[in-house]
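Participant: Handing you a structure now.
Number of protein chains: 2
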Amino acid sequence: MNLQETMLIAIEAELQTQVSRLEKKHTKEFHQMLTYHMGWSGEGAGTQATGKRIRPLITLLATASTNEEHNLSSNWLNAVPAASAIELIHNFSLVHDDIQDNSELRRGRKTVWTKWGQPQAINAGDGLFVIAYQSILDLSKHYAADVVVRALQILSDACLLLTQGQYLDMAYENRHDLSIDDYWHMIGGKTATLLSACTHMGALLGYADDQKIEAYRLFGYHLGLAFQVQDDVLGIWGDEAVTGKSVASDLVEGKNSLPVLYALEKDAAFAKRWKSAPITADDVQEIAKLLEDEGAKTYAEKISAEQTEQALLYAKQAEPSGEAGELLLGLANKLLKRNQ
Amino acid sequence: MNLQETMLIAIEAELQTQVSRLEKKHTKEFHQMLTYHMGWSGEGAGTQATGKRIRPLITLLATASTNEEHNLSSNWLNAVPAASAIELIHNFSLVHDDIQDNSELRRGRKTVWTKWGQPQAINAGDGLFVIAYQSILDLSKHYAADVVVRALQILSDACLLLTQGQYLDMAYENRHDLSIDDYWHMIGGKTATLLSACTHMGALLGYADDQKIEAYRLFGYHLGLAFQVQDDVLGIWGDEAVTGKSVASDLVEGKNSLPVLYALEKDAAFAKRWKSAPITADDVQEIAKLLEDEGAKTYAEKISAEQTEQALLYAKQAEPSGEAGELLLGLANKLLKRNQ
């Protein structure tokens, strides 16, 4: 078993331990909502349902790759409660997102609100949120209190940005007057925020010095931005076989993605069409072609490449070492090259 | 100005500072949702809309009344971010409660979801939750990291109990097979949880020793239970002029309050009527009389008196001193004697 597989097993075990706080006589059903959402119970449970646990994995790889004085080969074991906390925050946001977006399915399974109703699903999300904080507080078993407080600050700052990003995402729906500047405010609070919290916290818990911690943080941040922009490109021009998403669904959903905002700022043929009426599945190919002709795909790919370059620059400064370092860079490359 | 008035001003200023984290160009409307809910902006803003801030006040009075070695007359100023955190958690739960209960009004004003829709209101509640954690982390300015971690643990434990209580509250709706044992599980996660967090955290931040901290914690806990049971009595037999609630609305709403569960366990005339059909406003007086005749009021009043006695016993052990001590005991008495 390689290091990554060992880490994934440790992550899953920690998540189950944290969520088991609700496994009591009177709250069995509440516990069941969370184990269902996490992919461990109910119809369709299994690895397909759990997601890839990329965020906690990146956290532990960051810890294990810092290679500092305090470092031992298994130092990452102490950081597992922090990795678990980030995954729980991610899942809290998914449960609430699904209610907010009225999504009935996630990873091919009914969402929590579809099964238990909105009121209980709101509370299930709140439960995951609280347990994330309980999880990170468990760092106290292995870290000094000042390190725990710093980790908590990183988590809380990320959560505030998440709620801001979520606010903007909802506020921007059906608006046609947005700029590329608005885009960065919105996505700054999404993928990039949590990924930067992963590498930031991981390096902190590996006892890296402040300069290195900052390099890790910026590596995660730009990795997240590059990933997000690339996701926007794939959402319009991607290969369904690679992305698992229905191609061009972002256009039909009216999503304010970077290519769309670029073309809206150009205010040419695409902008006129976009503002006139919603795009239907039948129009999609033609509209995607129009968008590409106006330079939106090239622009977004350029931005994604710039962010990737930034991420790799900070990765070089962070100098992740050993097997964990190789795995971390490999995972980053995999995230960034989904379309190749 | 007495100490209590000074504290209330400090609490309100701290709450505004904490919530102002969202007062940025792109998140002005998000900020507005929170300032509206907190009672500072929008129609009907003002002291009527803010609520009484009893929880943060009890927290600061606990800190100021510990009278320990480290204590100075103004030591409570350092604890203000913790008091603010508890009030923000209370308000997070109110925003989500209002969605879950489909309540259109709170304190005579439209609820957040009524004004901004459910998706944004879910996120507004999440925002208050995160800011509560940001607020308590600000204790780091004046307290050692190990004290901050203990305070965070108290807050998180209370939040987990809150979500459990909320789960049970919703799960128990429309059920007629509940026992008094179920009642304690449900209300253990409500008023009592947050009030015990107030006195617990307050004493911790006043540098009380562990024995005294435990006495403060139990004082708050039993105060909360006594208050909750008394609230159940007032919800059926209370004087509307005193409680501000429509009398007997608890019966019409089908609330599983302690008097009702007592009578259901007796399984006599009331139980039969309760299970047969919902109570209407026209039936209320007759049903309340029936419930009283079966001993439910006497029973609940006895339980409330027992919990009050327990609270006062622990208050004696806690020995709250000085002006703050007098104010704390005065406030507790006021909470417990609303019906006199």
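Residue numbers (the numbering used here), protein chains in the order written: chain A, 1 to 340; chain B, 1 to 340.
The C-beta atom is built at its ideal place from N, Cα and C for all residues, glycine as well.
Do the CB positions of Val-351 of chain B and His-37 of chain B come within less than 8 Å of each other?
Facilitator: Outside the modelled stretch of chain B, which goes from 1 to 340, sits residue 351 of chain B, for which no answer is possible.
Participant: Rounded to a whole number of angstroms, what is the C-alpha to C-alpha distance between Leu-290 of chain B and Leu-152 of chain B?
Facilitator: For Leu-290 of chain B and Leu-152 of chain B, the distance between alpha carbons rounds to 46 Å.
Participant: If contact means a Cβ-Cβ distance below 9 Å, which residues of the segment 22-36 of chain B contact chain A?
Facilitator: Per Cβ criterion, the list reads Leu-22, Lys-24, Lys-25, His-26, Thr-27, Glu-29, Phe-30 and Met-33.
Participant: Would you say Leu-60 of chain B and Phe-92 of chain B are within 8 Å of each other, going by their C-beta atoms?
Facilitator: No, the pair does not count as a contact, with Cβ atoms beyond the cut-off.
Participant: With which residues is Arg-109 of chain B paired in a DSSP beta bridge?
Facilitator: Arg-109 of chain B is bridged to B:Arg-106.
Participant: Just how far apart, CA to CA, sit Ala-62 of chain A and Arg-150 of chain A?
Facilitator: Answer to the nearest angstrom: the Cα atoms are 16 Å apart.
Participant: Using the Cα positions of Leu-285 of chain B and Ala-85 of chain B, report the straight-line distance between them to the nearest angstrom.
Facilitator: According to the sequence provided, residue 285 of chain B is Gln. The question's Leu does not apply to it. If I take the Cα positions, the gap works out to 41 Å.
Participant: Nearest to Ala-79 of chain A by alpha carbon, out of A:Ser-156, A:Asn-2, A:Asp-157 and A:Cys-198?
Facilitator: That would be A:Cys-198, whose Cα lies nearest to the Cα of Ala-79 of chain A.
Participant: Would a C-beta distance cut-off of 8 Å place Ala-300 of chain A and Asp-232 of chain A closer than the cut-off?
Facilitator: Against a cut-off of 8 Å, the Cβ pair of Asp-232 of chain A and Ala-300 of chain A comes out as a contact.
Participant: How long is the line joining the alpha carbons of Glu-253 of chain B and Ile-279 of chain B, rounded to whole angstroms?
Facilitator: C-alpha separation (whole angstroms): 8 Å.
Participant: If you measure from the beta carbon of Gln-340 of chain B to each beta carbon in chain A, is any gap under 8 Å?
Facilitator: Residue placement at Gln-340 of chain B cannot be trusted, given a pLDDT of 41 that sits under 50; the coordinates are not used to answer.
Participant: Per DSSP, what kind of secondary structure is Asp-97 of chain B in: helix, strand or coil?
Facilitator: Asp-97 of chain B: helix per DSSP, three-state reduction.
Participant: Report the rounded CA-to-CA distance for Ala-124 of chain B versus Asn-2 of chain A, giving the unit in angstroms.
Facilitator: C-alpha separation (whole angstroms): 43 Å.
Participant: At which residue ranges does the segment 248-330 of chain B contain complete alpha helix (DSSP H) runs of 4 or more residues, listed in the order of the chain?
Facilitator: Fully enclosed alpha helix (DSSP H) runs of 4 or longer: 249-252, 258-266, 269-276, 284-293 and 296-318.
Participant: Are the segment 311-320 of chain A and the segment 210-224 of chain A touching by the rule of at least three beta carbon pairs closer than 8 Å?
Facilitator: Touching, per the Cβ criterion.
Participant: Name, please, each residue of chain A whose Cβ falls closer than 9 Å to the Cβ of His-200 of chain B.
Facilitator: In chain order: nothing, as chain A lies at least about 16 Å away.
Participant: Output the residue ranges of the alpha helix (DSSP H) runs that lie fully inside the segment 124-186 of chain A and measure 4 residues or longer, sorted by chain position.
Facilitator: DSSP runs (the alpha helix (DSSP H)) wholly in the segment 124-186 of chain A: 145-172.
Participant: Within a Cβ cutoff of 7 Å, which residues of the same chain sit near Val-229 of chain B, ignoring the five residues on either side of it in sequence?
Facilitator: So the list reads Leu-258, Ala-300, Ile-303, Ser-304 and Gln-307, once near-sequence residues are dropped.
Participant: Identify, in the order they occur along the chain, each residue of the same chain with its Cβ nearer than 8 Å to the Cβ of Ile-11 of chain B, setting aside the five sequence neighbours on each side.
Facilitator: Once the five neighbours on either side are set aside, the close Cβ partners of Ile-11 of chain B are Arg-53, Pro-56, Leu-57, Leu-60, Val-80, Ala-83, Ser-84 and Glu-87.
Participant: At the level of alpha carbons, what is the spacing between Asp-209 of chain A and Arg-106 of chain B?
Facilitator: So the two alpha carbons sit approximately 50 Å from each other.
Participant: State buried or exposed for Asn-174 of chain A, treating a residue as buried only when at least 16 other CB atoms are found within 10 Å of its CB.
Facilitator: Classification of Asn-174 of chain A: exposed, given that the 10 Å Cβ count is below 16.
Participant: Please tell me whether Gln-134 of chain B has its Cβ less than 8 Å away from any Cβ of chain A.
Facilitator: Yes, because at least one Cβ of chain A sits closer than 8 Å to the Cβ of Gln-134 of chain B.
Participant: What separation, rounded to the nearest whole angstrom, lies between the Cα atoms of Lys-266 of chain B and Lys-24 of chain B?
Facilitator: Going from the Cα of Lys-266 of chain B to the Cα of Lys-24 of chain B covers about 58 Å.
Participant: Spatial neighbours of Ala-269 of chain B within its chain, please: C-beta separation below 8 Å, excluding the five flanking residues on both sides.
Facilitator: Around Ala-269 of chain B: Leu-290 and Glu-294.
Participant: Please confirm if Asn-123 of chain A has its CB atom under 8 Å from at least one CB of chain B.
Facilitator: So yes, Asn-123 of chain A belongs to the interface.
Participant: Decide if Asn-102 of chain B is buried, meaning its Cβ has at least 16 other Cβ atoms within 10 Å, or exposed.
Facilitator: Asn-102 of chain B comes out exposed.
Participant: Taking 7 Å as the limit between beta carbons, can you name the residues of its chain near Asp-169 of chain A, skipping five residues before and five after?
Facilitator: Closer than 7 Å at Cβ, skipping near neighbours: Met-186.
Participant: Do you know offhand how far Leu-195 of chain A's Cα is from Gly-220 of chain A's?
Facilitator: Roughly 5 Å separates the two Cα atoms.
Participant: Indicate whether at least one CB of chain B lies closer than 8 Å to the CB of Ile-187 of chain A.
Facilitator: By this cut-off, Ile-187 of chain A is not an interface position.
Participant: Since I believe Ser-65 of chain A is in contact with Ser-321 of chain A (beta carbons under 8 Å), could you give me their beta-carbon distance rounded to a whole number of angstroms?
Facilitator: Yes, Ser-321 of chain A and Ser-65 of chain A are in contact; Cβ-Cβ is about 6 Å, under 8 Å.
Participant: Measure the C-alpha to C-alpha separation of Lys-141 of chain A and Lys-28 of chain A and round it to an integer number of angstroms.
Facilitator: Cα to Cα, the separation comes out at about 28 Å.
Participant: In the DSSP assignment, find the alpha helix (DSSP H) that holds Thr-27 of chain A and state where it starts and stops.
Facilitator: Where Thr-27 of chain A is concerned, there is no enclosing alpha helix (DSSP H), given that its DSSP letter is neither H nor E.
Participant: Considering only C-alpha positions, which residue in the set A:Ser-249, A:Arg-21 and A:Ser-41 is nearest to Asp-283 of chain A?
Facilitator: With distances taken between Cα atoms, Asp-283 of chain A lies closest to A:Ser-249.
Participant: Counting contacts by CB-CB distance shorter than 8 Å, is Asn-91 of chain A in contact with chain B?
Facilitator: Closer than 8 Å: no.
Participant: Classify Lys-297 of chain A as buried or exposed, calling it buried when 16 or more other Cβ atoms lie within 10 Å of its own Cβ.
Facilitator: Buried.
Participant: With a 10 Å radius around its C-beta and 16 neighbouring C-beta atoms as the bar for buried, classify Leu-15 of chain A as buried or exposed.
Facilitator: By the 10 Å Cβ count, Leu-15 of chain A comes out buried.
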